[in-house]
Every structure is written in C-alpha cells, then in structure tokens.
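Numbering (the numbering used here), first residue to last: 124 to 539. Notes for the one structure printed next.
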Ligand SMILES: [Zn+2]
C-alpha cells in the first residue's frame with residue numbers, strides 16, 4: 124500500500140466533520156492538487172471521548188460515501204504502541220508507531236554490538252546532496268547513536284512485525300514517530316534512524332522527527348523560524364538520500380505532527396518542498412474541533428451558550444484537561460478570561476478570541492489552547508452537544524472547510 128506524495132491527517136473528535144474536511148480536499152483537487160486524507164484518532168482521544176478505533180473507521184467510510192470521495196483514504200492508528208495496538212488492527216490501514224518513550228534507554232550489549240556490525244560499512248564521510256556539510260560517521264558516533272536510539276528502533280521493528288503478522292505485509296502504511304520525545308534529531312541521527320529501520324526491515328513511508336521549537340496544540344509555532352527551516356531542509360535532503368541509498372520505500376516522506384495552525388512556518392515549508400520536490404504528511408485533526416466550536420459560537424443563541432458552558436467548565440477543570448497534553452500546551456492562567464467575562468461576550472467577541480487570527484487584538488492563544496483540550500467536556504455533554512452539531516451543521520461545516528482550505532492547504536501546498 125503506497126501513500127501518495129501529499130497527505131493530510133484529518134478526522135475530528137466526534138466523527139461528524141469528515142464531509143466538510145473532504146470538501147476542502149476537493150477544493151484542492153479543483154486547483155490541481157491531490158491530497159490524500161488520513162483519519163487520525165489516538166488512544167488518548169478515544170479514552171477521553173469514549174470512542175473506539177472502529178468508530179473512526181465508520182466515520183471515515185461514511186464521510187467518503189457522503190462526499191462521494193473517489194480518491195484513496197486511510198485510517199491511522201495514531202501514536203500506537205505494543206500496549207494498545209490490538210484494538211486498531213482491524214479498522215486501521217495506517218499505523219503511527221510511537222517509540223519516543225524508548226529513546227535514551229540503554230540497549231542490551233549484544234544487541235548494540237550486532238547493530239554496530241550491521242552498520243559497519245557506514246563509518247566515513249557521506250556527502251549528501253542538499254546538506255551544507257557532509258555527514259561524519261565514526262565508530263564512536265555509531266556507539267553513541269546506538270545508546271540513544273537502538274532500543275526505540277527495535278521497538279518500532281517489534282511493533283511493525285506484530286502488525287504485519289496480523290494484517291499481512293504491504294497491507295498497511297507505516298509511520299515512525301519520535302515527535303513526542305524531548306530532543307530534536309540532527310541530520311546524522313535521522314539518517315542513522317532510517318538506516319537502522321531499513322536494517323530491521325521496517326518499510327516506513329513517513330517519519331515524524333521532533334523539530335526544534337514548540338508545536339503547541341492549535342496555535343502558531345513558537346521558536347526560531349530560520350532554524351526550523353534549516354532543520355526541515357536538512358531532513359528533506361536526508362530523506363531524499365536515504366530513499367536512494369537504503370532501499371526504503373520511494374514514497375518515504377516527512378510527517379509533521381501538531382501541524383495545524385503553524386502559520387509562520389508554512390511559507391518556508393512550501394519553498395522547501397518545492398526546492399526538494401518533496402512530499403509531506405501534515406497532521407491537522409485537532410484544529411477541526413476548534414472550527415466546530417467557532418461555528419457554534421458564531422451561530423449565537425443556544426449554540427453560543429453551549430460554547431460558553433464548555434469554556435466555563437474547562438476553566439474550572441484546567442489542570443485535569445491539560446494533564447494529558449502537558450508537553451504540547453502552554454497556558455498562562457492569568458491570561459484566561461473568567462467564566463463570567465466570557466459569558467458576557469457576544470458571538471463576535473467570543474469568535475474573535477478563539478479564531479486563530481493574530482492580527483485581531485482580541486485573539487487569545489491561552490483561551491484557544493484551553494478550549495483545544497476541552498473536548499472531553501463536550502463528550503460528557505453527550506446528546507446536548509451532538510444535537511447542536513446536527514442543528515448547526517451548515518454554519519459549522521463552512522468553518523471546518525474554510526479553516527482547512529484557506530488557512531492550511533493554500534499556504535502550505537499552493538503557496539497562496
Ligand atoms: Zn505526534
């Protein structure tokens with residue numbers, strides 16, 4: 124199973140916005156751009172909402188039928204590990220193998236020795252086209268790499284074989300994700316990770332490194348954009364070289380997680396993708412839940428009151444809601460409006476605070492991040508929330524489609 128050059132991680136917390144998301148991909152298609160949708164929902168989201176991976180498959184299949192989508196599509200077991208992969212095996216055909224927690228674990232001595240032997244042809248200088256300096260691979264460097272990454276690579280291989288046994292080889296797409304680790308990978312580390320994965324027979328089609336800077340949920344990148352750009356370009360150079368040299372799939376590409384709303388990065392990413400003629404996978408699922416809330420708030424009346432109720436509860440339960448997302452949200456409680464203050468807002472004011480428009484003086488990234496992690500409260504509301512989604516579907520789907528098409532697909536893939 125081969126993943127196409129451009130793909131977008133989509134899907135949504137409550138499985139209702141698939142057709143609206145596909146409408147954005149159809150707009151891309153009309154502009155000559157083929158993007159493959161990949162439905163994402165992680166174990167964390169399933170647990171918080173009370174859904175199962177089979178529900179995501181149902182939502183994806185229904186959306187594809189409703190929107191008469193004719194292209195390929197996938198359902199991703201997002202951030203799976205051996206502990207939780209089994210429930211994803213039947214409904215999914217894309218697996219994001221999360222091995223970040225195994226980075227830095229000391230390998231078994233025998234395994235480390237075998238790894239160094241398997242990579243024995245590597246030491247020396249490798250001139251990689253597009254990289255500023257050649258890769259210098261030394262025996263000590265390999266040893267150090269093995270100490271940091273070997274356990275993670277072997278875990279990815281174990282998980283890969285487990286899935287391949289259940290589903291059959293070539294019946295699924297594999298991504299390896301390191302993005303929830305603590306340190307960014309150097310170009311050399313990325314190359315060695317790919318080399319070690321190839322040696323283990325893991326035919327990954329996408330890899331999600333950790334980049335420098337912060338990829339907080341639903342808000343813009345926080346960090347040094349020129350530095351990110353250099354890193355992104357180096358990784359593209361490494362991938363191009365690795366595909367040719369290591370026998371990895373021709374479709375191997377970078378994946379950017381928490382990729383929605385990184386507006387300050389898209390122009391540089393677009394230029395780099397053009398320069399390297401490179402493919403990309405970008406995960407954006409979370410931004411759709413916020414577009415849903417914006418749709419509700421802009422509808423006014425009971426729908427606005429519902430959005431305010433969600434905020435009031437979220438503010439009271441901030442610590443609990445943020446805990447599962449501690450690494451990817453930065454909220455200053457002092458900058459959050461009180462529940463009473465938010466209750467006094469009209470639709471325009473609520474939307475202006477929530478909408479990711481940095482030129483708007485009311486835009487509040489703290490408010491936005493808190494609501495980003497507050498979908499558990501909507502899930503607890505059950506029918507009240509789901510009925511509102513039904514009742515205000517036209518205004519919500521307009522928000523969802525425009526958010527993906529205008530703010531994400533156009534600047535990133537089309538450069539417009
Ligand atoms: Zn991730």
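We put the CB at the ideal spot given by N, CA and C, even for glycine.
The C-beta of residue 461 has fewer than 16 other C-beta atoms within 10 Å across all chains shown, which makes the residue exposed. Residue pairing by DSSP places residue 201 opposite 165 in a beta bridge. According to the DSSP assignment, residue 532 belongs to no beta strand (DSSP E), since it is labelled neither H nor E.
For residue 188, the three-state secondary structure derived from DSSP is helix. Looking at 165, 283, 192, 400, the one whose alpha-carbon comes closest to that of residue 205 is 283. For residue 415, the enclosing alpha helix (DSSP H) covers residues 408 to 422. For the pair of segments examined, the region 147 to 162 was found not to touch the region 417 to 436: the number of CB pairs separated by less than 8 Å stays below three. Using a 10 angstroms sphere on the CB of residue 269, the tally of other CB atoms reaches 16 or more, which defines it as buried.
The C-beta of residue 529 has fewer than 16 other C-beta atoms within 10 Å across all chains shown, which makes the residue exposed. Distance check between residue 166 and each of 160, 178, 332 places 178 closest, using alpha-carbon atoms only.
About 6 Å separates the Cβ atoms of residue 357 and residue 254, confirming a contact at the 8 Å cut-off.
A straight line joining the alpha-carbon of residue 317 with that of residue 308 spans about 12 Å. It is roughly 54 Å from the alpha-carbon of residue 230 to the alpha-carbon of residue 464. At least one heavy atom of ligand 1 falls within 7 Å of the beta-carbon of residue 331.
In the three-state DSSP reduction, residue 129 falls in the strand class (E or B). Distances between the C-beta of residue 374 and the heavy atoms of ligand 1 are all 7 Å or more. Out of 415, 510, 490, 331, the CA that lies nearest to the CA of residue 404 is found in 331. Each residue's CA atom was taken as its position, placing residue 138 and residue 185 some 10 Å apart. In this structure, the C-beta of residue 300 approaches ligand 1 to less than 7 Å from one of its heavy atoms. For residue 311, the uninterrupted alpha helix (DSSP H) segment begins and ends at 310 to 322.
Straight through space, the alpha carbons of residue 155 and residue 488 are spaced by roughly 34 Å. Taking all protein chains in view, the Cβ of residue 271 is crowded by 16 or more other Cβ atoms within 10 Å, so the residue is classified as buried. C-alpha of residue 361 to C-alpha of residue 402: approximately 13 Å in a straight line. At least one heavy atom of ligand 1 falls within 7 Å of the beta-carbon of residue 303.
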